[in-house]
Amino acid sequence: MKTKYLLPLAAAATATLLPGLGLAQDAEMSTAPALETSYIFTTLLFLIGGFLVFWMAAGFAMLEAGLVRSKNVTMQLTKNIALFSIAAVMYWLVGFNLMYPGDGWMIAGWLGPFFAITSLEPVGLAAEAATLDYASVGSDFFFQLMFCATTASIVSGTLAERIKLWPFLVFVVVLTGFIYPIEASWQWGGGWLSEAGFSDFAGSTLVHAAGGFAALAGAIILGPRIGKYGKDGKVNPMPGSNLALATLGTFILWLGWFGFNGGSQLAMGTVGDVTDVSRIFANTNMAAAAGAIAALILTQVMYGKVDLTMVLNGALAGLVSITAGPLDPSLFGALWIGAIGGVIVVFAVPMLDKMKIDDVVGAIPVHLIAGFWGTLAVPFYTEGTSFGTQIMGFAAIGAFVFVTSLIVWVILKAVMGLRPSEEDEVNGLDVSELGMEAYPDFTKG
Amino acid sequence: MKTKYLLPLAAAATATLLPGLGLAQDAEMSTAPALETSYIFTTLLFLIGGFLVFWMAAGFAMLEAGLVRSKNVTMQLTKNIALFSIAAVMYWLVGFNLMYPGDGWMIAGWLGPFFAITSLEPVGLAAEAATLDYASVGSDFFFQLMFCATTASIVSGTLAERIKLWPFLVFVVVLTGFIYPIEASWQWGGGWLSEAGFSDFAGSTLVHAAGGFAALAGAIILGPRIGKYGKDGKVNPMPGSNLALATLGTFILWLGWFGFNGGSQLAMGTVGDVTDVSRIFANTNMAAAAGAIAALILTQVMYGKVDLTMVLNGALAGLVSITAGPLDPSLFGALWIGAIGGVIVVFAVPMLDKMKIDDVVGAIPVHLIAGFWGTLAVPFYTEGTSFGTQIMGFAAIGAFVFVTSLIVWVILKAVMGLRPSEEDEVNGLDVSELGMEAYPDFTKG
Amino acid sequence: MKTKYLLPLAAAATATLLPGLGLAQDAEMSTAPALETSYIFTTLLFLIGGFLVFWMAAGFAMLEAGLVRSKNVTMQLTKNIALFSIAAVMYWLVGFNLMYPGDGWMIAGWLGPFFAITSLEPVGLAAEAATLDYASVGSDFFFQLMFCATTASIVSGTLAERIKLWPFLVFVVVLTGFIYPIEASWQWGGGWLSEAGFSDFAGSTLVHAAGGFAALAGAIILGPRIGKYGKDGKVNPMPGSNLALATLGTFILWLGWFGFNGGSQLAMGTVGDVTDVSRIFANTNMAAAAGAIAALILTQVMYGKVDLTMVLNGALAGLVSITAGPLDPSLFGALWIGAIGGVIVVFAVPMLDKMKIDDVVGAIPVHLIAGFWGTLAVPFYTEGTSFGTQIMGFAAIGAFVFVTSLIVWVILKAVMGLRPSEEDEVNGLDVSELGMEAYPDFTKG
């Protein structure tokens, strides 16, 4: 839970610790950490969590580079490093202040209240000058920025192999500077969704489904890759060029997810908080494993052969599924929630193909559909939440992100054009758009 | 050292710190961390150590994918992500409780005492309700699980390119649910080996040699790859398809090993403990470097050419060698212990080939033989240990793991069959078993 | 800032915290961490920072393996793992003591004061016996060692594809054992440069430019690759064989840099210090993003096509640029400093080619030239520094490293010979020098 204003329902248990913390000021012989020590621990959680989520940017880059054909690898890599960089600038320039609008941290800069320069603490902050019950703004900004970037990473996979570089990057500017911060603000900025009782601990809806909806809107406007769907309704497989990279990317994402979910505890300065972070790590790992195993068994049963790309996406779907509520479930809870995520992927990937929505890496099943499942599953373990509110929140964010994204894609299509020429697409974007092959020494079949 | 019951010999020095800790309760002006702070630090050590050891799963996947031929890469990747996922479930379902049988943490679940659901702490644990002298169960479970998974990772490399997917995965079920937890329990669960004075700080024997023995049993039952050993006694080299991946995997493993060895200090809440963790980091790095340099020089001297795969395995052998005792040696001690590990690999790899034991990635030299060396070397630096007890412990665990593994492999061979058809093996397991190439865009020579 | 003797200018602000720390001893109800807690935090910073900078060794290996042609990949990988291993041994054997000559930690060993075995703390250090105002020697040694290794990593990229293995490794011995420790000692060892007011927080000059100067000297003595520069002045592109690896390497370096710069705060035990570390993380990320975006836009504008390798090097140049002063700038400061780093790369790469200095991966623009820029930029934000002193310090270190490196290269050329035969170079070093291809299953174009 990330709101800084409300005490979310899932965190209610933490409140029981406050007396323990208060004890430090009353008792003669306290065992509790000093206030400054708590501040250091929570700041450290954000720094570690933040660099782990940063690492997910590399995971998406490798996953996507491995799942596209070799003629589009340079382009996919370029999009991934560029989108992260753009997110880093836009979230600073606009996003952070837009997402936490009531925040005292916002310093109205030379461009007005929204276009403000985020002001970090002064160098060598004195302990007396700090608000010791949270963490440093710098660490929080660093951590939150990574979630914004993740949202954009999801989009690039779906739209791979057929979208030009610059319209994609312009969309990233809008997504990371405006669309994501606004919808995330509704919950984590203390907005109306959090007031309504919606619960999304680390972002099954706010990050993953949001990225999935932006990708879905793009996929509809953009249309499928040339040759993907035959006139006879046949789906032509376009296998990824490097499954070792795709597997590496999945492992990187799995690793980064410990920071994604664990860091979202937003506190590590008490026994209760660090124990909760531990629960989250264990549950996150379990959900990923269960998602992978579910896809492993299911593809064997359904197709007679295990499908590695489904296993990878199964692990990722397990991770997305647990992200809305990684704290409260038991390990068994994480197992079945994650396993259903893996099942979803195996059924949703061919379903999208039937609808002729071309999702190159399976990001919509993994992030949007499993994100819905994870959001829906929260009330099984988290008191004070309801299926109705969860569906309502998901629908609200989905509608907002989908519609705004659709508008942006339509405008970009009209103004810049989204697709390269047919010839360029067939030749591959690496040569036609960038003039640089990813694997120039290897002849292609 | 991982036992939670005994105060191991190597940790005796830590006891001298207890007065310092006690001081916090007596002195008016204490410099010691509060008890809760110590708990947070040690929990954090497990979380950081745990995600670093998790990362080793990616390291094994990349190392093995790089060292097999391109026609078996998808299979090797599938095995690696599947084995980790299975280990995650089996260690939770059976292993953790089996490994720490006297543990008060075990909650008898719906399936009886062994098949129990590990119960983590409640959400928002109150400090008063916690046992503050160790760490959270969730973090400990997360950390220990990774060691169980590592044991299975070792097996997959040796048996690559010729074993079918499902019998391998069934073996992983037995290994991670039963064989590993039982033998590890003898030492880290406070069992008879730890009572006998055996010393294995982070698992040269319990993890690495155990994995190596399971792999050896498999390699004997399975036999070599078709064409590996000619009738004239000639060994046919089957070079790995991607040495960049293999090198990446080695670097990943090296990085993960800081968590593997450092986290095994099992405490970070005092000056003495964190300083010991630092010693372990420095020694671990030194042993890896020395192993790599030893293999570098030795292959130059013996063959007139440096052999990169030997250098990579030399680094890994250095790491395995220091794992039984990474705390007590000086940096010079870590250097020569690691260097001998590197030397072992250069001699053991061709030796295995002479015995016609086909170990695709060199896991038996690296993990079993260097694991023996590391276990044997402990008494050079650790007081209270003896060469006799070290050999005895290694032999006991080796015999148990080898015999039980052999039985499982024989049963699996009889029931499921271990090997694909000759034709399928020659065509590569990717196409024949999985129907999916790892690098479909690149023509093969 | 890394000196242990002087209170550097940039750290002056920290001094304002000392009263806060002192408070812990006076006030009846202190909020400050206990002294031992501070020691644990700072030691932990070095351990986390250290493993992140270790990870940069993998980053350089992947970046360079991706940017050389496929016929030289095995060699490049071999050089990278070997140079790290050599640095680990040489920095222990000579470097650390040479770099901190006045250090009480130095134990004169069996080889005299310089060739001394670094003595870590005893196992189970008692808190009373520790110097609690810093961190454990083991963690500090571990952290500092990684900087020494980084310096050597920079050299290998520039000289790729045309230098024999062993003369390169001998150079690494001299660089990591002597040249780097001596010049780094001038600043971080409390030497004359730090007394003169030079400021280099994490090593834009001491690490990056130093590596760049050693590489430049080597490139001049070695000459360009065969066929790189045509007789008509034409520059023949020799595209890298695997841009996915190069991108992965860049992401790894970016991740590791959080440890590189953040750990160089050298303290995490107070609110002020951990908040400063957070600033550094946020600034480091911003500079990298800005460097990437600058190169992205500039290559589009100048060449009509985005150049991925320039974007990657732009991100790295942004990182190098902020390294001399990652603490004091605002986020906007980090943005423009990093962006200029990215611009520098786009102009410097072709400039070097005009000078017929063949720098295979662009290490000289990234590390030397952007390193100069980063060093020069410090006075914009850091009080008490001056452009003159910054230029003087850069020139002093540059001259020392360049001249000593040149001498070593000339001697190595005379004694061992630096280059393989023309035929061997054309065939690729993998086959001719090592007899082992990196990608043997893939036919080459």
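In the order they appear, the protein sequences are chains A, B and C. Reminder that position 282 of the first sequence reads as 282 in our numbering, one-by-one numbering, no gaps. If you want our numbering, it's the 1-based position in the second sequence plus 445. If you want our numbering, it's the 1-based position in the third sequence plus 890. By construction, the Cβ of each residue, glycine as well, lies at the ideal position given by its N, Cα and C atoms. Note that the coordinates shown come from a computational prediction; the quantities given were computed from them, not determined experimentally.
Residues of chain A whose Cβ lies closer than 7 Å to the Cβ of Met965/C do not exist, since the nearest Cβ in that chain is about 15 Å away. With contacts defined as CB atoms closer than 7 Å, Phe592/B and Val652/B qualify as a contacting pair. Val680/B is bridged by DSSP to Tyr674/B.
About 17 Å separates the beta carbon of Ala267/A from that of Pro923/C, a gap too long to meet the 8 Å contact definition. Between Gly816/B and Gly708/B the beta-carbon gap is near 18 Å, outside 8 Å, which marks them as no contact. A direct Cα-to-Cα measurement between Leu489/B and Thr1213/C gives close to 28 Å. By the neighbour-count criterion, in which a residue is buried when 16 or more other Cβ atoms sit within 10 angstroms of its Cβ, Trp55/A is buried. The beta carbon of Asp1331/C sits closer than 7 Å to some beta carbon of chain B.
Fewer than three Cβ pairs drawn from the stretch 737-745 of chain B and the stretch 796-808 of chain B lie within less than 8 Å of each other, which leaves the two stretches out of contact. In the displayed model, Val1191/C falls within a helix according to three-state DSSP.
Within chain B, the C-beta atoms nearer than 8 Å to that of Met286/A come from Ala533, Val534, Trp537, in chain order. The beta-carbon of Ser709/B is placed no less than 7 Å from the nearest beta-carbon of chain C. Annotation note: the stretch 685-719 of chain B contains the following uninterrupted alpha helix (DSSP H) runs of length 4 or greater, listed N- to C-terminal: 688-707.
For the stretch 38-53 of chain A, the residues whose beta carbon sits under 8 Å from a beta carbon of chain C are, in order, Tyr39, Ile40, Thr43, Leu44, Phe46, Leu47, Ile48, Gly50, Phe51. Between the stretch 46-53 of chain A and the stretch 132-150 of chain A, the count of C-beta pairs closer than 8 Å reaches three or more; the two stretches touch. Look at Arg514/B here: in three-state DSSP terms it is coil, with no helix or strand label. Following the DSSP letters along the chain, one finds Gly819/B inside the alpha helix (DSSP H) bounded by residues 815-822. Along the length of the stretch 1011-1051 of chain C, whole alpha helix (DSSP H) runs at least 4 residues long occupy 1027-1048, reported in chain order. Taking 7 Å as the cut-off, the Cβ atoms of Lys79/A and Ser153/A do not count as close. In this structure, the alpha-carbon of Val853/B lies about 10 Å from that of Ile666/B.
Within the stretch 1020-1032 of chain C, contact with chain B at the beta-carbon level (separation under 9 Å) is assigned to Ala1020, Leu1022, Ala1025, Ser1026, Val1027, Gly1028, Ser1029, Asp1030, Phe1031, Phe1032. Going by DSSP, Pro1071/C is part of the alpha helix (DSSP H) stretching over 1070-1077. Distance from the CA atom of Leu412/A to the CA atom of Ser405/A, rounded to whole angstroms, is 10 Å. At a cut-off of 7 Å between beta-carbon atoms, Leu1015/C makes contact with chain B. Pairwise C-beta distances place the stretch 164-175 of chain A out of contact with the stretch 224-244 of chain A, as fewer than three of them are shorter than 8 Å. Annotation for Ser766/B: the continuous alpha helix (DSSP H) segment containing it runs 753-768. Thr519/B and Phe529/B have their C-alpha atoms roughly 16 Å apart. Residues of chain B whose Cβ lies closer than 7 Å to the Cβ of Thr968/C are, in chain order, Val751, Leu753, Val756.
At a cut-off of 7 Å between beta-carbon atoms, Arg225/A makes no contact with chain B. For the stretch 1274-1306 of chain C, the set of residues with a beta-carbon nearer than 9 Å to any beta-carbon of chain A is empty. When the five nearest sequence neighbours on each side are left out, the beta carbons in the same chain lying within less than 8 Å of the beta carbon of Ile86/A are those of Ala152, Leu169, Val172, Val173, Thr176, in order along the chain. For Ser1295/C, the enclosing alpha helix (DSSP H) stretches over residues 1277-1305.
Not a single CB atom of chain B sits nearer than 7 Å to the CB of Gly341/A.
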